[in-house]
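Engineer: Residue numbers (the UniProt record's numbering), protein chains in the order written: chain F, 1 to 310; chain G, 1 to 274.
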């Protein structure tokens with residue numbers, strides 16, 4: 001319980017910073033609204049106010065600052081507003097028995113999760129197979145590794161539309177497959193790098209020991225390299241699944257998708273409902289947190305069963 | 001001292017047949033800085049049941065020689081036979097167990113499972129594996145520790161477990177590369193005593209690399225003094241000490257005389273000049 005205190009302090013600091021930021025972010029919208037309602041605002045006129053800094057506006061209109069915390073379409077909503085929006089689109093929908101309605105974030109999150117998991121599976125498989133090949137073959141090391149690194153320097157937002165166009169050309173229906181490919185594209189790299197490091201973790205003397213037993217390459221792999229790589233694998237998987245989620249959301253953004261958390265963010269942007277964006281963002285963060293935590297538990301259980309001190 | 005009733009004692013077998021024979025052995029490593037002669041003109045015969053120590057400063061080729069015997073390195077000149085075969089053939093016949101400086105136990109395997117590692121690879125049946133594990137754990141005084149994980153054991157116990165692993169498949173030759181180098185003096189003394197007892201009980205031929213003069217003199221029937229650049233043998237000392245060696249033998253004039261000769265040998269090779 002000793003760790004609870006610092007955790008809470010950090011959380012409180014983030015929330016406090018968030019609340020403090022709401023006032024300057026929303027002051028213009030609050031003043032516009034107050035002016036329309038007939039209140040006296042200094043200076044008058046939205047256009048005139050654009051010439052004045054938010055700090056000045058807050059000092060000159062102290063009575064209207066608090067209105068920034070209760071706007072319908074705030075530029076920056078308060079944590080409570082985001083929480084309410086999130087509840088309205090998740091828990092409340094469940095209570096109404098409409099968890100899978102198109103207005104429910106649970107529905108959108110499940111769409112995103114599906115692509116994320118497919119992408120994760122694909123990316124992890126490619127990453128592990130690539131690492132095995134690289135560790136066992138110098139030629140693969142020299143020919144594949146540079147491309148793997150180069151692949152990560154291409155911005156995914158530039159690549160995502162191309163992947164979608166390409167898969168449409170190939171006659172692939174729906175957005176699930178291209179989204180999973182984009183997700184896998186982001187996810188395989190940390191797995192590849194981590195597994196290469198893990199499979200190379202055994203020391204020279206551990207490898208020599210197996211040579212004195214006349215062990216085959218296969219035995220060396222299964223008895224030494226693979227178990228030695230597991231701690232590295234789990235670390236990479238945790239990074240990988242977060243990347244896979246980001247990849248899926250990015251894949252949903254530029255493609256005009258109508259379902260998925262990325263689509264919610266896009267729609268929220270187009271319809272000027274920042275609350276929807278924030279709720280979708282928070283939902284994505286929670287989803288990532290849950291996925292990483294699940295992998296962390298899997299890691300602990302596995303390493304514990306292997307007898308390794310964690 | 002208890003005797004191992006199953007295996008014949010090495011002390012009794014008097015036929016002193018050569019086990020390892022090196023003739024004019026050369027080994028040159030090609031490095032980025034040019035060729036390094038790790039071994040030059042090494043001639044050595046190790047007989048069955050010998051306890052041979054290799055002593056000398058870093059770079060004298062003592063570890064390299066052991067690795068050549070184990071077919072982990074291949075000589076660039078001369079001949080070497082192990083049990084009359086090439087080192088590679090001897091390896092396939094499981095002629096030797098190798099103990100490295102680091103115990104190198106797999107952290108994800110229990111002590112018993114670590115000892116089973118070579119047995120699994122060599123295709124022993126489960127029953128045979130269990131039998132061998134029980135036998136070697138007893139040999140190294142680790143009975144009851146089979147189910148523990150390496151991190152639950154002290155450094156000395158880990159090294160004993162790694163010796164047990166090397167003994168598990170009944171190799172006649174035990175090659176040990178500074179096995180106690182990382183341990184403190186007291187643990188080291190204790191392990192040296194145990195190793196002598198184990199050698200006496202099993203009759204193995206042991207090749208032992210060390211930095212320590214007292215360790216070499218205390219353990220060996222034959223001490224090979226080496227010197228670097230190029231790695232070569234400067235002296236081979238047949239020990240006159242009895243097989244039965246309590247720790248305080250190290251204070252006897254005979255012991256000190258041998259230690260003196262080792263030191264002279266090291267000096268003659270200009271081993272510690274730089």
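Just so you know, even glycine gets a beta-carbon here, dropped at the ideal spot from N, CA and C.
In this text, all values refer to a predicted model and were calculated from it rather than measured experimentally.
1. Could you work out which residues of chain G lie near residue 192 of chain F, taking near to mean beta carbons separated by less than 7 Å?
2. According to DSSP, what are the bridge partners of residue 177 of chain G?
3. Run through DSSP, which three-state label would residue 9 of chain G get?
4. Could you give the DSSP three-state label for residue 226 of chain G: helix, strand or coil?
5. Within 10 angstroms of its Cβ, does residue 210 of chain G collect 16 or more other Cβ (buried), or is it exposed?
6. Which same chain residues end up closer than 6 Å to residue 291 of chain F when comparing Cβ atoms and leaving out the 5 residues on each side of it in sequence?
7. Does the contact criterion of 3 or more C-beta pairs under 8 Å hold for the region 224–243 of chain G versus the region 40–50 of chain G?
8. Go ahead and pull the three-state DSSP assignment for residue 283 of chain F.
9. With 16 as the cutoff for other CB atoms within 10 Å, does residue 29 of chain G come out buried or exposed?
10. Answer yes or no: does any C-beta atom of chain F fall closer than 8 Å to that of residue 266 of chain G?
11. Taking the Cβ atom as the reference point for each residue, do residue 251 of chain F and residue 160 of chain F lie within a distance shorter than 8 Å?
12. Do residue 107 of chain G and residue 308 of chain F have their C-beta atoms closer together than 8 Å?
13. Label residue 62 of chain G either buried or exposed according to how many other C-beta atoms from any shown protein chain fall within 10 Å of its C-beta, with 16 as the threshold for buried.
14. Output the distance between the C-alpha atoms of residue 10 of chain G and residue 36 of chain G, rounded to the nearest integer angstrom.
15. Report, in whole angstroms, the separation of the C-beta atoms of residue 163 of chain G and residue 99 of chain G, which I expect to be a contact under 8 Å.
16. At a CB-CB cut-off below 7 Å, which residues of chain F make contact with residue 121 of chain G?
17. Since residue 104 of chain G meets chain F, which of its residues come closer than 8 Å, beta carbon to beta carbon?
18. Looking only at its own chain, which residues have a Cβ that is under 6 Å from the Cβ of residue 21 of chain G, when we skip the five neighbours before and after it?
19. Against chain G, does residue 77 of chain F count as a neighbour if the rule is that its beta carbon must be under 8 Å from one of theirs?
20. Using 8 Å as the limit for Cβ to Cβ distance, is residue 110 of chain G near chain F?
21. Anyone know if the C-beta pair for residue 175 of chain G and residue 69 of chain G falls short of 8 Å?
22. Is residue 195 of chain F close to chain G? Criterion is C-beta to C-beta, closer than 8 Å.
23. Tell me whether residue 36 of chain G sits in a helix, a strand or coil according to DSSP, three-state version.
24. If we call anything under 8 Å between Cβ atoms a contact, is residue 101 of chain G one with residue 231 of chain G?
25. Can you grab the Cα-Cα spacing for the pair residue 36 of chain F / residue 49 of chain F, in whole Å?
26. Please list the terminal residues of the continuous beta strand (DSSP E) segment that includes residue 25 of chain G.
27. Tell me, which residues are paired with residue 47 of chain G by DSSP?
28. For residue 22 of chain F, which residues of its own chain have a beta-carbon under 8 Å away from its beta-carbon, when the five flanking residues on both sides are left out?
29. Considering only residues of the region 75–156 of chain F, which uninterrupted alpha helix (DSSP H) runs meet the minimum length of 4 residues and lie entirely inside it, listed in chain order?
30. Just the chain F side, please: which residues come within less than 8 Å of residue 100 of chain G by C-beta, in chain order?
31. Any idea what DSSP makes of residue 271 of chain G, helix, strand or coil?
32. How do the region 101–109 of chain F and the region 169–184 of chain F stand: do at least 3 beta-carbon pairs fall below 8 Å, yes or no?
33. Any beta carbon of chain F sitting closer than 8 Å to that of residue 9 of chain G?
34. By Cβ distance below 7 Å, which residues in the same chain neighbour residue 315 of chain F in space, the five residues on each side in sequence not counted?
35. Where are the alpha helix (DSSP H) runs, 4 residues long or more, that stay fully inside the region 183–221 of chain F, in chain order?
36. Just to confirm the assignment, what range does the beta strand (DSSP E) spanning residue 49 of chain F have?
Structural biologist: In terms of the structure at hand:
1. Those within 7 Å of residue 192 of chain F in chain G number zero; the least Cβ separation is about 23 Å.
2. Answer by DSSP bridge pairing, in chain order: G/209.
3. With a pLDDT of only 41 at residue 9 of chain G, under 50, the local geometry of the prediction cannot be trusted, and no value is derived from it.
4. Strand at residue 226 of chain G.
5. Classification of residue 210 of chain G: buried, given that the 10 Å Cβ count is 16 or more.
6. These residues qualify, in order along the chain: 241.
7. Yes: at least three Cβ pairs fall under 8 Å.
8. The DSSP-derived three-state label of residue 283 of chain F is helix.
9. Per the 10 Å Cβ criterion, exposed.
10. Under the 8 Å criterion on CB atoms, residue 266 of chain G is classed as non-interfacial with respect to chain F.
11. Yes, these two residues count as a Cβ contact at 8 Å.
12. A contact, by the Cβ cut-off of 8 Å.
13. That one is buried.
14. Annotation note: pLDDT 42 at residue 10 of chain G (below 50); position unreliable, coordinate value reported separately. Taking the Cα positions, residue 10 of chain G is about 38 Å away from residue 36 of chain G.
15. Residue 163 of chain G to residue 99 of chain G, Cβ: 6 Å. Contact.
16. Result: 213, 215 and 219.
17. Annotation: Cβ neighbours of residue 104 of chain G in chain F (cutoff 8 Å, chain order): 203, 205, 206 and 209.
18. Taken in chain order, the residues that qualify are 45 and 81.
19. Interface criterion not met: the Cβ of residue 77 of chain F is under 8 Å from no Cβ in chain G.
20. Yes, contact with chain F.
21. Pairing residue 175 of chain G with residue 69 of chain G gives a Cβ-Cβ distance under 8 Å.
22. Under the Cβ distance rule, residue 195 of chain F does not count among the residues neighbouring chain G, no pair being separated by less than 8 Å.
23. Strand.
24. Against a cut-off of 8 Å, the Cβ pair of residue 231 of chain G and residue 101 of chain G comes out as no contact.
25. Rounded to whole angstroms, the separation of the alpha carbons of residue 49 of chain F and residue 36 of chain F is 14 Å.
26. Counted as a single uninterrupted DSSP element, the beta strand (DSSP E) harbouring residue 25 of chain G occupies residues 18–31.
27. Paired residues: G/18.
28. Counting only Cβ-Cβ distances below 8 Å, and skipping sequence neighbours, we find 68, 69, 74, 76, 77 and 78.
29. The qualifying runs are 79–89, 91–95, 105–136 and 138–151.
30. The answer, in chain order, is 205, 208 and 209.
31. Below a pLDDT of 50, predicted positions are generally treated as unreliable, and residue 271 of chain G, at 47, falls in that range; the measurement from the model is reported next regardless. In this structure, residue 271 of chain G counts as coil in the three-state DSSP scheme.
32. Touching, no.
33. Residue confidence for residue 9 of chain G is low, a pLDDT of 41 falling below 50, so the modelled location carries little weight; the figure read from the coordinates is stated next. Residue contact with chain F for residue 9 of chain G: absent (no Cβ-Cβ distance below 8 Å to any residue of chain F).
34. The structure shown has nothing for residue 315 of chain F, since chain F only spans 1 to 310.
35. Counting only runs of at least 4 residues, the region 183–221 of chain F fully encloses the following alpha helix (DSSP H) elements, listed from N- to C-terminal order: 204–212 and 217–220.
36. Residue range 46–49 is occupied by the alpha helix (DSSP H) that includes residue 49 of chain F, with no beta strand (DSSP E) assigned at that position.
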